[in-house]
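Okay, so here's the structure we're looking at.
In structure tokens form, the structure reads like this:
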């Protein structure tokens, strides 16, 4: 296979799954001897792009302004100057700019155009550009079905499901219960001590993450005689003070304030999984994938979540005992009690959801397109 030059387009490199996937694919490209270029406005994750051996071109292609359209000409020049083989757009506005730039290039020199649908974006003309790729990567079957439902003109053969993956060495299986790790967490957060089970709900400080559902679940467990505790890392973040105050007031109303901890994000999330007895995924809005599910299962912890979106899809495949009909709080309580009493055996393998599987599948798609001597129309 000849050496490819692949450009990935995204708004910025601050944080999030899109950014993480971009860096992971850049790493794989460089490791395989290809050339990786990332175009974005930059951000705190930029050093990781450079560490991966990729090049970065700073261009503010995520700003929603008419002035941003001037970057179409800049991108076209970049694609021609760098002799780009593949343009891979990961977000809507960068995709529009990249698509216009690609199609402004004569066919013999035109790069192939790829998109990844990372989320269940509101359907419409603005989001439709994410289906314009010659190949459209969907991060789950949930996303593929969503694309087919809302953009029926998208041909099945160009939709490719490539799930996001994790580096399992970063999420090693831990014994259950892991009393030593629980003790270290309790030293840092005394609220999380005690002999009862520890429930974990990682996620940003937003109502969509289902924090109120988790609080009512905790109240139900404690009313049933359990000394359960609830840890919500990631909920306490700048700008979310009013929301956290509301949730803490709800915890006091339920009589569980001493057993629930809203905390800042932790960089040691694998340790948080290991310290817990049960991991919750209660997003009120269906998610495109559900990375928390595979991270927790990799560590050997049971997961309970609403059976919708990507979370429901993963649970149905990997741990069906934890799938709960969406928003059925009685079923949620019963399911948690059952899994705390009789946790399923840890999974032997999750080969389809490893980082390497995602990287290999993405590079194989690039090579498939590069072997096509002439890009097809990208819409």
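In this note's numbering, the protein residues as written are 923 to 1301. C-beta atoms are modelled at their ideal positions from N, C-alpha and C, and glycine is treated no differently. Quick caveat, the model's predicted, so the values are computed rather than measured.
Neighbourhood of residue i by C-beta, 8 Å cutoff - its chain only, sequence neighbours within 5 removed
i, result
"residue 1130", "1205, 1206 and 1207"
"residue 1033", "929, 1001, 1006, 1007, 1008, 1009, 1024, 1027 and 1297"
Identity of the residues DSSP links to residue i by a beta bridge
i, result
"residue 1200", "1121 and 1224"
"residue 1072", "In DSSP, residue 1072 forms no bridge with anything."
"residue 1152", "1121 and 1182"
"residue 1001", "Residue 1001 pairs with nothing; no bridge assigned."
"residue 1035", "1009"
"residue 1057", "1036"
"residue 1082", "1059"
"residue 979", "961"
"residue 1088", "1276"
"residue 929", "959 and 1009"
Residue environment, residue i, which counts as buried when at least 16 other CB atoms sit within 10 Å
i, result
"residue 1088", "buried"
"residue 1112", "exposed"
"residue 1048", "exposed"
"residue 1290", "exposed"
"residue 1100", "buried"
"residue 989", "exposed"
"residue 1199", "buried"
"residue 1245", "buried"
"residue 1094", "exposed"
"residue 1177", "exposed"
"residue 1075", "exposed"
"residue 1249", "exposed"
"residue 1097", "exposed"
"residue 1210", "buried"
"residue 937", "exposed"
"residue 1271", "exposed"
"residue 1264", "exposed"
Pairwise C-alpha distance: residue j and residue i
i, j, result
"residue 1020", "residue 976", "19 Å"
"residue 1179", "residue 1035", "52 Å"
"residue 1276", "residue 1090", "7 Å"
"residue 967", "residue 1012", "16 Å"
"residue 1067", "residue 1038", "14 Å"
"residue 1155", "residue 1145", "24 Å"
"residue 979", "residue 996", "11 Å"
"residue 1114", "residue 1167", "19 Å"
"residue 1059", "residue 1292", "16 Å"
"residue 1083", "residue 1061", "6 Å"
"residue 987", "residue 1052", "19 Å"
Cβ-based neighbour list, residue i, same chain, cut-off 7 Å, excluding 5 preceding and 5 following
i, result
"residue 993", "981, 983 and 1019"
"residue 1045", "1072"
"residue 1004", "927 and 959"
"residue 1214", "1124, 1201 and 1203"
"residue 1104", "1120 and 1197"
"residue 1269", "1219 and 1240"
"residue 1247", "1229 and 1253"
"residue 1148", "1118 and 1119"
"residue 1188", "1155 and 1194"
Cut-off 6 Å between Cβ atoms - residues of its own chain near residue i, not counting five sequence neighbours on either side
i, result
"residue 1173", "1137, 1179 and 1182"
"residue 1186", "1158"
"residue 1126", "1156"
| query | Hey, which unbroken runs of the beta strand (DSSP E) at 3 residues or more fall wholly within the segment 1220 to 1292? | reply | Within the segment 1220 to 1292, the complete beta strand (DSSP E) runs of at least 3 residues fall at 1224 to 1228.
| field | Entirely enclosed beta strand (DSSP E) segments - the segment 932 to 962, minimum 3 residues | value | Here the runs fully enclosed are 957 to 962.
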